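See structure below.
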Amino acid sequence: MSPTELAAARKIERKAKWKMDLIIIPLLSTVYFLAQMGRSDLGNAKIAGMDEELNLTPKNYSDTASIFLVGYIIFQLPGTLLVRKIGPPLQFGLAMIAWGLVTTLIVTVQNYGGLMATRTFVGVAEAFVQGAVFYLSFWYTYRELATRGALFYSTSALAGSFNGLIAYSVQRTLEGANGWRAWRWIFLIEGVIPMGWGFVIILMLPKTPEKAPKLYFTQEEKEVIIKRSRAAKNTGESKIQLKLILKLLLDPKFWMLSCVDMGQHFCVSSLSNFLPAILVGFGWSEVRSQLMTVIIYACALVGIIVASYISDKLGKRGIIICINSALAAVGYCLLLALDAPTGRFIATCLCAATIYPNIVIILVWTAINNPGYTYRASAAAIINMISQCIAISGNQAYSDPPLYRKGNASALALMVFTSCVSGVLMWHYKRENVKKRRDFDSEEANRLRALYTVDDISHRHPDVFFQY
C-alpha cells in the first residue's frame, strides 16, 4: 500500500471510529445508566419512607436487595448468549421496557412480599442488558475497549448521583403528594423513563458491524469496521459451542479471574444498596444523606475515567486492579477505625473511587483474554454470575446498622484477597506468553493454525497472546 493509500485508509478508519464513538457509546451509555438507576434506587427509597411504610426490618431490606440478584444471576448467561441471536437493539430495548414497567408497579406494593416479587422481575429484565461489553467487543479493538467501556460504565456512577438528586428533590417537594410517601414517587419516576427510552434503543442502536446501517456508515467505513472486528478475533457468523464452555470451566485462569471480580462486586453491590443508609449512620439526616451520595458517586466517576485511561494507555490491566484493590482496602480500614463523620466520608469516597474502576477493567480483561465468540460471551456472563452470587452475601453482610462493621470488615478482607490474586494472575498470563513465543513456529503451532480458528480453540490458538 502506497503512502497516499495508507493515509486515505487511516482517514476512513478515524472517521468510522469517530462515528462509532458518537453513535454507539452514547446510546449504550443510556442503557447502562438507566439499568444502574433501576438497581440502586432501592437504597434511596429505603431512607425515603419505604422501611417505615412497609415495616421492613434490616434483614427484610437485605433480602430485598439480594432477591434482585437472584433473577439477574439466573438469566444473565442466556441473556448474554442471545445478544447476537436476538440482536442488541431489540434485546436491550425490550429489557428496558420490561424493567421500567415492573418498576412503576412497585408504587402499588403494600407489603414486603410484593416488594420482593417486583424486585425479582426487575433483576430478570436487567440481566438482558449485561452483554454490553460483549457487544462493544464487536466494534472496538482490544486497546480501545477499556476507555470505551469506561465511558459507558461511568454512567453507573452518574446513575448513583442522579438517584441521589432525584431522591433529594422528591423528599423535599413530593413527600405526601397524592397521599404517597416519597419512595413511591422515586420508583414511579425511575420506571417511566426506561419504558420510553427502550423504543429509542430499538430504533437507533446498530446491530453488528456486518449489519451496520447505511444511515450511519458508508460502505468503505463498514468494511473498515468489519476488518477491525476480525482483528479482534470476532467472526460474523459465530455459533455457541458447548464443548468450549466446558473447557472454559476447567481453566484455572477463568477461576482466578472470577476471584478477582467477585471481590469487586461484593463491594459495589453493597455500596449501591446501602450507601444512603451508611451515610445516615454518620449522624446525618435522611435528606442530607441523599445529597451527599452525589459527591461519593462523583468520586467513583473520576476514578473510572482516570484508571481506565491509564489502563488503555499502558496496555496493562492487572497492575491497575492490584493497586486499586489495595487502596480500597485502606479505605475500609479507615471506615472501621474512624469515628468522625468527615473521616468516614472521605474513606467512603476512596473506596468508591477505586472499586468502581476495577469493574470495567476486569470486564475488559475478560473480553481481551478470552477471544472467540463462545469463550468471550460465556466468560463474561459466567464470571458475572459468580460475582453476583458473592454480591448477595455482601447485601446480607451489611445487616448491622448504623456502622455496618461486619460488612466493612468482609469488604476489607476481599480487597486484600483480590489484590493478591490479580498479582498471581498477571504472573500466570506473563508465563503463558513466554511459552507461546517459544513455541510460535513449532510444528504443533502450525498444525493448530491449519486446523482451527480462534473461534474453535480461543486462547489456545498460537496467534493469541494474553494481556496482563
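Residue -9 is where the sequence shown starts when you use our numbering, and the numbers rise one by one after that.
Virtual Cβ for every residue (Gly too), placed ideally from N, Cα, C.
Fair warning: this is a prediction, and the values are worked out from it, not measured in the lab.
{"Asked": "For residue 277 and residue 162, the rounded distance between their alpha carbons", "Found": "8 Å"}
{"Asked": "Rounded Cβ spacing between residue 388 and residue 272 (contact assumed at less than 8 Å)", "Found": "At roughly 15 Å, the Cβ-Cβ gap does not stay under 8 Å, so residue 388 and residue 272 are not in contact."}
{"Asked": "For residue 121, the nearest candidate out of 413, 400, 171, 85 (CA to CA)", "Found": "85"}
{"Asked": "Integer Cβ distance of residue 359 from residue 456, believed to fall under 8 Å", "Found": "5 Å"}
{"Asked": "Residue burial classification, residue 8 (beta-carbon count within 10 angstroms, cutoff 16)", "Found": "exposed"}
{"Asked": "Residue 443 - containing alpha helix (DSSP H), residue span", "Found": "That residue, residue 443, is in no alpha helix (DSSP H); it is neither H nor E in DSSP."}
{"Asked": "Entirely enclosed alpha helix (DSSP H) segments - the stretch 41 to 83, minimum 4 residues", "Found": "48 to 71, 73 to 76"}
{"Asked": "Among 14, 38, 435, the one whose alpha carbon lies nearest that of residue 194", "Found": "14"}
{"Asked": "Exposure of residue 462, with buried meaning 16 or more beta-carbon neighbours within 10 Å", "Found": "Given a span of -9 to 458 for the chain in the structure shown, any question on residue 462 remains unanswerable."}
{"Asked": "Cβ pair residue 150, residue 283 closer than 9 Å", "Found": "yes"}
{"Asked": "Unbroken alpha helix (DSSP H) run spanning residue 451, endpoints", "Found": "That residue, residue 451, is in no alpha helix (DSSP H); it is neither H nor E in DSSP."}
{"Asked": "Stretch pair the stretch 243 to 251 + the stretch 351 to 358: three plus CB contacts closer than 8 Å", "Found": "yes"}
{"Asked": "C-alpha gap between residue 231 and residue 268, whole angstroms", "Found": "45 Å"}
{"Asked": "Short Cβ contact (9 Å threshold) for residue 90 with residue 33", "Found": "no"}
{"Asked": "Residue 195: first and last residue of the uninterrupted alpha helix (DSSP H) it sits in", "Found": "Counting along the chain, residue 195 falls outside any alpha helix (DSSP H), and DSSP gives it neither H nor E."}
{"Asked": "Close beta carbons around residue 39, own chain, < 7 Å, minus the five adjacent residues each side", "Found": "171, 172, 173"}
{"Asked": "Member of -5, 97, 3, 296 whose CA lies at the smallest distance from the CA of residue 129", "Found": "3"}
{"Asked": "Helix, strand or coil at residue 367 [DSSP, three-state]", "Found": "helix"}
{"Asked": "Three-state secondary structure (DSSP) of residue 394", "Found": "coil"}
{"Asked": "Touching by the beta-carbon criterion (3+ pairs, under 8 Å), the stretch 327 to 336 and the stretch 177 to 195", "Found": "no"}
{"Asked": "Which of helix, strand or coil DSSP assigns to residue 129", "Found": "coil"}
{"Asked": "Residue 21 and residue 191 closer than 9 Å at C-beta", "Found": "yes"}
{"Asked": "Spatial neighbours of residue 439 in its chain, beta-carbon cut-off 8 Å, leaving aside the 5 residues before and after", "Found": "451, 452, 453"}
{"Asked": "Sufficient close CB pairs (3 or more, under 8 Å) joining the stretch 336 to 349 to the stretch 288 to 305", "Found": "yes"}
{"Asked": "Alpha-carbon spacing of residue 210 relative to residue 216, whole angstroms", "Found": "10 Å"}
{"Asked": "Length of the line joining the Cα atoms of residue 426 and residue 70", "Found": "30 Å"}
{"Asked": "Reduced DSSP category for residue 355 - H, G, I as helix; E, B as strand; rest coil", "Found": "helix"}
{"Asked": "Exposure of residue 36, with buried meaning 16 or more beta-carbon neighbours within 10 Å", "Found": "buried"}
{"Asked": "The stretch 303 to 317 touching the stretch 405 to 419, judged by at least three CB pairs closer than 8 Å", "Found": "yes"}
{"Asked": "First and last residue of the uninterrupted alpha helix (DSSP H) at residue 97", "Found": "Neither: residue 97 is in no alpha helix (DSSP H) and is coded neither H nor E."}
{"Asked": "Buried or exposed by the 16-neighbour rule on C-beta atoms within 10 Å, applied to residue 98", "Found": "exposed"}
{"Asked": "First through last residue of the alpha helix (DSSP H) which encompasses residue 110", "Found": "102 to 116"}
{"Asked": "Rounded separation between residue 344 and residue -8 - CA only", "Found": "46 Å"}
{"Asked": "Pairwise C-alpha distance: residue 62 and residue 395", "Found": "27 Å"}
{"Asked": "Secondary structure of residue 145, DSSP reduced to three states", "Found": "helix"}
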